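Undergrad:
In the working numbering, the protein residues as written are 74 to 533.
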């Protein structure tokens, strides 16, 4: 039925019969779904956008899609950075942005049950009233959805101490392509009955099912005043070695963020600040909890022993000012031009070696690659800045070499953005052919018609 105007018209008619005004074919609505925060853009507009408001809406959409063999791309806020939720010709976009209910908050069990469309920031504002919070902290937390976080396996600044999304999800309700509703996971802290399908859904990027509800593992508000440390180093390798030394010393900051010289210069230009000396790199570290002061002193000592000059503050306003420099990095890269924001991760002890590799790639390909890193968990974000609508071949070649370097160092292609469109061609390099094929076959068990998010993750 796909591929003919009559077939497309019939699919839209069936969607409208079932879902009414929740189905849009407005050109502006369709255009929005062709891209995401990665900057990648599909070749044509999708068929329709369904703005689901309930589980039943999702089920109806998937039944029609299965019956007509029409591809479906599930989409939240569109803040993904790997092209994982962009839609193209002949596809239905299934938006969960209107599914925003909080069904339960259980302080006694430290859990909440929520819809996928609620924003991280909105959820935590509600949880804060009861002294609770949900730990995942992506940079887009104010505008990214819980469902999108789970689908991509999102991370953020606080992963160093509190883990990524996979550590914060107890269960998910999922609609599979034929419209059945699966309730996966547990409300209990422990639970090992059968295979862990909840973990399989985390980071599945919309290729296995549609997440329609999530049972989240909460934390109580951290007690004690935070301490923020700024460590200034003469070069990025020294800063990376210092961050690895903090981890090796058994110290556990809430966040530990690294910015190289090029990234610092771009941020300072964006914010109208005086640039640091050429070559300078920064480590911004924050400790929390009852032992925050002692931990901060110990960390400052480690940084000093590694050649860093440190400034420490217990003033929350000053701490936020220092962190604002790091949080402005992505906007600063965008101000430089079109940007391919990459996402690799290596063991924390390998951070200095990875920065050596980035310097080598800059020399060999004639590029400047501003880089920031969640140094507390070994996740780096090199930015390739270019001009024009298409990523130049030299940038893809340099990125490919960077991925190979990360893998050689025991790392991974993506720490938190996901595979999506942008990294599918390299996925088998990390997994190996046997595991790639096994994962593809697992997808076929959930999605035998291969209508969920086609062209993403397992395309090559």
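Beta carbons: idealized from backbone N, C-alpha and C, even for Gly.
These figures come from a predicted structure and were not determined experimentally.
Reducing DSSP to helix, strand and coil, say where residue 434 ends up.
TA: On the chain shown, residue 434 is found 361 positions in, with the first residue counted as 1. The answer is helix: DSSP assigns residue 434 an H, G or I state.
Undergrad: In angstroms with no decimal places, state the Cα-to-Cα distance between residue 330 and residue 219.
TA: Against the chain shown, residue 330 aligns to sequence position 257. Against the chain shown, residue 219 aligns to sequence position 146. Going by the C-alpha atoms only, they are around 23 Å apart.
Undergrad: For the ligand ZN, any of its heavy atoms closer than 7 Å to the Cβ of residue 129?
TA: Absence of the ligand ZN is noted for the structure shown, with no ligands found whatsoever.
Undergrad: At 4 residues or longer, what runs of the alpha helix (DSSP H) sit wholly inside the stretch 81 to 128?
TA: Runs found: 100 to 105.
Undergrad: Grab me the residues of residue 503's own chain with a C-beta within less than 7 Å of its C-beta, minus the 5 sequence neighbours each way, in chain order.
TA: The sequence position of residue 503 within the chain shown is 430, counting from 1. Taken in chain order, the residues that qualify are 480, 485 and 486.
Undergrad: Are three or more beta carbon pairs between the stretch 186 to 194 and the stretch 210 to 230 nearer than 8 Å?
TA: The answer is yes - the stretch 210 to 230 touches the stretch 186 to 194, with three or more Cβ pairs under 8 Å.
Undergrad: Mapping the DSSP letters down to three states, classify residue 259 as helix, strand or coil.
TA: As a first step, residue 259 is located in the chain shown; it is residue number 186 there, counting from the start. Three-state DSSP puts residue 259 in coil, outside helix and strand.
Undergrad: Looking at residue 246 and residue 253, is the spacing between their C-beta atoms short of 8 Å?
TA: Start at 1 with the first residue of the chain shown, and residue 253 comes out as number 180. Start at 1 with the first residue of the chain shown, and residue 246 comes out as number 173. No; because the gap between Cβ atoms is not below 8 Å, this pair is not in contact.
Undergrad: Taking 8 Å as the cut-off, decide whether the C-beta atoms of residue 120 and residue 146 are in contact.
TA: Here the question's residue 120 lines up with position 47 in the chain shown. Here the question's residue 146 lines up with position 73 in the chain shown. Result no, Cβ atoms of residue 120 and residue 146 do not sit closer than 8 Å.
Undergrad: Please classify residue 184 as buried or exposed, where buried requires at least 16 other C-beta atoms within 10 Å of its C-beta.
TA: For the purposes of this step, residue 184 is taken as residue 111 along the chain shown, with counting starting at 1. Residue 184 should be labelled buried.
Undergrad: Which of the three DSSP states, helix, strand or coil, is assigned to residue 147?
TA: Numbered from 1 along the chain shown, position 74 holds the residue referred to as residue 147. Here residue 147 sits in strand by DSSP.
Undergrad: Let me check one thing: in DSSP terms, what residues is residue 192 bridge-paired to?
TA: Within the chain shown, numbered from 1, the residue matching residue 192 stands at position 119. Partner(s): 218.
Undergrad: Evaluate contact between the stretch 504 to 518 and the stretch 114 to 132, counting only Cβ atoms and requiring at least three cross-stretch pairs below 8 Å.
TA: No, the stretch 504 to 518 does not touch the stretch 114 to 132.
Undergrad: If we ignore side chains and look at the alpha-carbon of each, how far apart do residue 76 and residue 415 end up?
TA: Taking the chain shown and counting its residues from 1, one reaches residue 76 at position 3. Taking the chain shown and counting its residues from 1, one reaches residue 415 at position 342. With a pLDDT of 42 at residue 76, under the threshold of 50, the modelled position of that residue is not reliable, and the figure given next carries that caveat. Cα to Cα, the separation comes out at about 34 Å.
Undergrad: For residue 524, which of helix, strand or coil comes out of DSSP?
TA: For this step, residue 524 is matched to residue 451 along the chain shown. If DSSP states are grouped into helix, strand and coil, residue 524 belongs with coil.
Undergrad: What does the alpha-carbon distance come out to for the pair residue 443 and residue 261?
TA: Sequence index remark: in the chain shown, residue 443 carries index 370 (1-based). Sequence index remark: in the chain shown, residue 261 carries index 188 (1-based). The alpha-carbon atoms of residue 443 and residue 261 are separated by roughly 43 Å.
Undergrad: Considering only their Cβ atoms, is the gap separating residue 316 from residue 424 smaller than 8 Å?
TA: Indexing the chain shown from 1 puts residue 424 at position 351. Indexing the chain shown from 1 puts residue 316 at position 243. It is a contact, given that the beta carbons lie within the stated cut-off.
Undergrad: In or out: residue 351 buried (at least 16 other Cβ within 10 Å) or exposed?
TA: Position 278 of the chain shown, counting from 1, holds the residue named residue 351. By the neighbour-count rule (16 or more Cβ atoms within 10 Å), residue 351 is not buried but exposed.
Undergrad: Out of curiosity, what's the CA-to-CA distance linking residue 167 and residue 96?
TA: Taking the first residue of the chain shown as 1, we reach residue 167 at position 94. Taking the first residue of the chain shown as 1, we reach residue 96 at position 23. Rounded to whole angstroms, residue 167 to residue 96 spans 9 Å at the Cα level.
Undergrad: Looking at the strands, I want to know which residues DSSP matches up with residue 354.
TA: Residue numbering aside, residue 354 sits at position 281 when the chain shown is read from its first letter. 306.
Undergrad: Are the beta-carbon atoms belonging to residue 526 and residue 357 less than 8 Å from one another?
TA: Within the chain shown, residue 526 is the residue found at index 453, counting from 1. Within the chain shown, residue 357 is the residue found at index 284, counting from 1. Taking 8 Å as the Cβ cut-off, residue 526 and residue 357 do not qualify as a contacting pair.
Undergrad: If distances are taken between C-alpha atoms only, which option among 287, 271, 293 and 328 comes closest to residue 447?
TA: What you label residue 447 is simply residue 374 of the chain shown in a count that begins at 1. With distances taken between Cα atoms, residue 447 lies closest to 328.
Undergrad: Thinking residue 265 and residue 128 are a contact (beta carbons under 8 Å), I'd like their distance in whole angstroms, please.
TA: Within the chain shown, numbered from 1, the residue matching residue 265 stands at position 192. Within the chain shown, numbered from 1, the residue matching residue 128 stands at position 55. No, residue 265 and residue 128 are not in contact; Cβ-Cβ is about 27 Å, not under 8 Å.
Undergrad: Taking the straight line between their C-alpha atoms, what separation do you get for residue 365 and residue 318?
TA: Locating residue 365 in the chain shown gives position 292, counting from the first residue. Locating residue 318 in the chain shown gives position 245, counting from the first residue. Whole-angstrom Cα-Cα distance: 18 Å.
Undergrad: Between the Cα of residue 382 and the Cα atoms of 471, 215, 401 and 311, which residue gives the shortest distance?
TA: Numbered from 1 along the chain shown, position 309 holds the residue referred to as residue 382. Taking only the C-alpha atoms, the option nearest residue 382 is 311.
Undergrad: Measure the CB-CB distance between residue 535 and residue 359 and report whether it falls below 8 Å.
TA: In the structure as shown, the chain begins at 74 and stops at 533. Residue 535 is therefore absent and cannot be evaluated.
Undergrad: Report the option in 234, 108 and 244 whose CA atom is closest to the CA atom of residue 284.
TA: The residue you call residue 284 lines up with position 211 of the chain shown. Taking only the C-alpha atoms, the option nearest residue 284 is 244.
Undergrad: If residue 290 and residue 206 are in contact, beta carbons under 8 Å, what's the gap, nearest whole angstrom?
TA: On the chain shown, position 217 is the one that residue 290 refers to. On the chain shown, position 133 is the one that residue 206 refers to. The Cβ separation is near 11 Å, so there is no contact.
Undergrad: Going by C-alpha distance, which of 141, 349, 298 and 342 is nearest residue 304?
TA: Position 231 of the chain shown, counted from the start, is the residue given in the question as residue 304. Residue 349 is the option with its Cα nearest to residue 304.
Undergrad: With DSSP run on the structure shown, which of helix, strand or coil describes residue 439?
TA: Here residue 439 refers to the residue found at position 366 of the chain shown. Coil at residue 439, not helix or strand.
Undergrad: Quick one: what does DSSP say residue 392 is sitting in, helix, strand or coil?
TA: Position 319 of the chain shown holds residue 392. Looking at residue 392 - three-state DSSP - the assignment turns out to be helix.
Undergrad: Is the distance from the Cβ of residue 459 to the Cβ of residue 445 below 8 Å?
TA: Working through the chain shown from its first residue, we reach residue 459 at position 386. Working through the chain shown from its first residue, we reach residue 445 at position 372. No, these two residues do not count as a Cβ contact at 8 Å.
Undergrad: Relative to the alpha-carbon of residue 211, which residue among 429, 228 and 117 has its alpha-carbon at the smallest distance?
TA: As a first step, residue 211 must be located in the chain shown, where it is residue number 138. The option with the nearest alpha carbon to residue 211 is 228.
Undergrad: Just to confirm the assignment, what range does the beta strand (DSSP E) spanning residue 332 have?
TA: Within the chain shown, the letter at position 259 stands for residue 332. Counting along the chain, the beta strand (DSSP E) containing residue 332 begins and ends at 328 to 332.
Undergrad: I'd like to check one pair, residue 309 with residue 354: are the Cβ atoms closer than 8 Å?
TA: Sequence index remark: in the chain shown, residue 354 carries index 281 (1-based). Sequence index remark: in the chain shown, residue 309 carries index 236 (1-based). For residue 354 and residue 309, yes; Cβs fall inside 8 Å.
Undergrad: If you scan the stretch 355 to 427 from start to end, which runs of the alpha helix (DSSP H) of 4 or more residues do you find wholly inside it?
TA: Within the stretch 355 to 427, the complete alpha helix (DSSP H) runs of at least 4 residues are 365 to 378, 389 to 400 and 402 to 409.
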